[in-house]
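Residue numbers (our numbering), protein chains in the order written: chain A, 86 to 411; chain B, 145 to 482.
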């Protein structure tokens with residue numbers, strides 16, 4: 086058994102649809118690991134399987150999902166064999182999660198106080214009074230001014246940024262070992278984005294917590310995370326050190342993602358923002374061979390038929406060197 | 145407070161509209177209260193006109209309406225043409241019977257309907273779910289008068305378990321305290337004289353009418369709870385609650401049910417209206433001496449003051465319930481408080 090905090094090997098997730106149809110293969114042979122105190126960035130378009138993987142780690146996939154893996158271990162717990170009661174301890178206790186839209190992720194009918202205290206009581210066994218004090222302290226830690234007033238607020242009285250801070254405060258209340266941040270800034274103003282990510286980064290360092298940061302934006306990952314994995318159509322297409330990947334992407338998809346960042350263009354010239362033509366193939370229309378070949382600018386005949394495996398952190402048989410296909 | 149005041153001001157045009165409608169609508173029905181009263185044969189035309197005059201029915205119709213309105217504002221709902229009692233006293237005498245029946249029917253349908261709906265939502269697409277949804281569709285489409293008769297046939301006639309009609313066995317003398325027999329039969333004097341027998345007699349009389357009347361609300365509540373629950377269970381904050389490690393029970397009862405109840409409570413208020421309408425049929429079948437039967441009788445005898453006044457009071461009660469529900473809604477939903 087490995088010493089990683091979370092170790093995933095050959096994770097496959099299927100969804101049963103109608104009885105007659107073959108199950109949908111949403112995530113294929115996904116392998117990665119994360120160590121204590123480490124941040125892993127996950128990038129990919131919608132439909133690439135990022136969120137499904139996160140829900141699998143939390144054990145929150147719907148009943149129609151079939152999950153299999155060679156290894157799927159968190160902190161010595163085999164996640165596929167856990168009982169409900171153990172799950173309740175791990176969820177929110179050892180693995181916490183924050184979501185894309187903080188405004189809908191908080192229960193609109195319960196006060197911030199109620200929602201925070203119930204979480205703390207469930208995982209820390211504190212009395213109501215102690216839990217309240219801890220809540221105030223946590224709200225202060227995540228940078229909320231006048232925590233006392235905010236504690237008695239209802240979610241609709243908060244701004245998006247504040248609601249996300251509350252979510253973070255709640256998520257770290259049990260000192261989790263792993264925090265999954267599923268596109269935590271997508272629904273927020275650009276100005277707030279950086280504040281939230283900086284907050285997450287500082288909490289990671291302060292608490293020696295591991296973070297899985299999921300985002301659309303490779304730029305964000307470049308700034309905050311040492312490790313990155315790029316996902317496409319349920320597979321990892323490229324993984325490794327962020328710096329190397331951003332400076333010299335090997336996979337055409339990573340390269341295309343980097344080129345589609347608005348910032349990348351402004352620096353070069355007044356050209357039209359490049360985009361990747363087409364969309365991520367839907368679950369039941371995945372192509373044979375390289376998943377990316379229909380949208381790739383460098384497709385060759387051998388890309389189309391053979392299954393391509395991850396080699397040196399890149400799932401491509403014609404990897405790029407300095408942005409050029411050899 | 146402002147909210148409550150505003151609600152009450154909204155009442156005025158509504159009540160005015162209702163009095164307008166019920167005043168003119170009954171006068172559209174063919175028939176003549178005076179002829180109904182004295183019989184058509186051998187009526188002296190002079191006496192006929194005289195009676196019309198005493199009842200104020202000879203005046204132009206708009207003037208009649210104006211007089212009716214003036215009296216209503218003064219709190220006078222008029223006097224029954226048939227019995228010469230004031231409409232209000234007749235109403236007060238009969239209303240407890242209907243209230244008792246309606247409340248029990250509503251409690252019956254809520255207590256059974258909400259848990260069924262929750263269970264169906266949690267077991268979505270299971271056999272139980274399909275079964276319940278089809279059963280509720282049948283219940284919803286069941287005509288009350290037919291369903292009531294079937295219940296009487298099975299439980300009273302065939303099985304002999306329950307009485308056929310009325311509120312209580314004629315043997316028992318129950319002094320009026322609240323007008324609700326379930327309460328009145330528990331008074332000390334009754335308990336001392338007869339023990340619990342009168343109470344159980346009242347209960348057994350109540351069972352069938354309450355089931356007949358509560359079936360449609362039960363179906364509505366069960367379906368409503370199910371769909372409302374399903375909607376809430378799919379919300380992001382339920383996923384958050386799961387991700388926080390909350391137990392299933394807590395998620396269902398604390399995080400989901402409270403939010404799912406809000407539309408159900410609104411439905412309950414609307415159902416109260418349909419319970420009163422349903423009571424008219426139910427009371428006629430089970431010879432239940434409430435306002436439903438009273439209104440039906442006064443319609444057949446063209447007792448204009450009773451119909452006008454009765455409908456007005458019933459409307460007022462329904463509107464009032466709706467305001468109360470708005471208030472509950474207001475208390476349950478923190479967003480409304482700002």
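In this text, a Cβ means the ideal position worked out from N, Cα and C, and glycines have one as well.
In this structure, residue 254/A places its C-beta atom within 7 angstroms of the C-beta atom of residue 227/A. Taking 7 angstroms as the CB threshold, residue 245/A stays off the interface with chain B. One thing to note: residue 463/B has its Cβ no nearer than 7 angstroms to the Cβ of residue 170/B.
DSSP places residue 288/B within a helical segment (H, G or I) once states are collapsed to three.
In summary, the residues of the region 383-397 of chain B whose CB is separated from some CB of chain A by less than 9 angstroms are 383, 384, 385, 386, 387, 388, 389, 390, 391, 392 and 394, in the order they occur in the chain.
At a C-beta separation below 7 angstroms, residue 402/B has these neighbours in chain A: 194.
The CB of residue 174/A comes closer than 7 angstroms to the CB of 389 in chain B, given here in chain order. Short of 6 angstroms from the beta carbon of residue 181/A, and not among the five residues preceding or following it, lie these beta carbons of its own chain, in chain order: 256, 261 and 264. Residue 189/B sits exposed, since fewer than 16 C-beta atoms from the chains shown fall within 10 Å of its C-beta. Remark: three or more beta-carbon pairs, one from each stretch, lie closer than 8 angstroms, so the region 425-444 of chain B and the region 275-295 of chain B are flagged as touching. About 10 angstroms separates the beta carbon of residue 321/A from that of residue 313/A, a gap too long to meet the 8 angstroms contact definition.
Listed in chain order, the non-local C-beta contacts of residue 324/A below 6 angstroms within the same chain comprise 314 and 398, local neighbours out to five positions each way being set aside. For the C-beta of residue 477/B, the chain A residues within less than 9 angstroms are, from N- to C-terminus, 193 and 194.
Where residue 95/A is concerned, the enclosing beta strand (DSSP E) starts and stops at 91-100.
Chain B has no Cβ within less than 7 angstroms of the Cβ of residue 294/A. Every alpha helix (DSSP H) of 4 residues or more that sits fully in the region 300-342 of chain B is shown, in chain order, as 325-328 and 332-338.
The DSSP assignment places 327-332, 337-344 and 347-353 as complete runs of the alpha helix (DSSP H) inside the region 311-358 of chain A, in order along the chain (cut-off: 4 residues).
With its beta carbon at least 7 angstroms from every one in chain B, residue 201/A lies outside the interface. Per the DSSP secondary-structure output, residue 182/A pairs in a beta bridge with 265/A. Residues of the region 142-156 of chain A with a C-beta less than 8 angstroms from any C-beta of chain B: 143 and 145, listed in chain order. By the Cβ neighbour-count rule, residue 222/A is exposed, with fewer than 16 other Cβ atoms within 10 Å of its own. In this structure, residue 246/B sits away from residue 395/B, with a CB-CB distance that is not shorter than 7 angstroms. Chain B places no beta carbon closer than 7 angstroms to that of residue 300/A, leaving this residue out of the contacts. Contact between the region 209-224 of chain B and the region 437-455 of chain B is present: three or more C-beta pairs spanning the two stretches fall below 8 angstroms.
For a Cβ distance threshold of 8 angstroms, residue set 478 and 479 of chain B lies close to residue 239/A, ordered along the chain.
The Cβ atoms of residue 116/A and residue 95/A lie closer than 7 angstroms to each other. In terms of CA proximity to residue 261/B, 273/B leads the group 252/B, 251/B and 273/B.
Residue 319/B is not a Cβ neighbour of residue 329/B, given a cutoff of 7 angstroms. Residue 233/A and residue 243/A have their C-alpha atoms spaced approximately 14 angstroms apart.
For residue 110/A, the enclosing beta strand (DSSP E) starts and ends at 109-119. Bridge partners of residue 150/A according to DSSP: 100/A. Going by DSSP, residue 300/A is part of no alpha helix (DSSP H) but of the beta strand (DSSP E) stretching over 295-300. Scanning its chain for C-beta atoms nearer than 8 angstroms, with the 5 sequence neighbours on each side dropped, one finds around residue 468/B the residues 413, in chain order. Straight across, the Cα-Cα distance linking residue 219/B with residue 308/B is about 38 angstroms.
Residue 178/A has a beta carbon lying within less than 7 angstroms of a beta carbon in chain B.
DSSP places residue 124/A in no alpha helix (DSSP H) but in the uninterrupted beta strand (DSSP E) bounded by 124-128.
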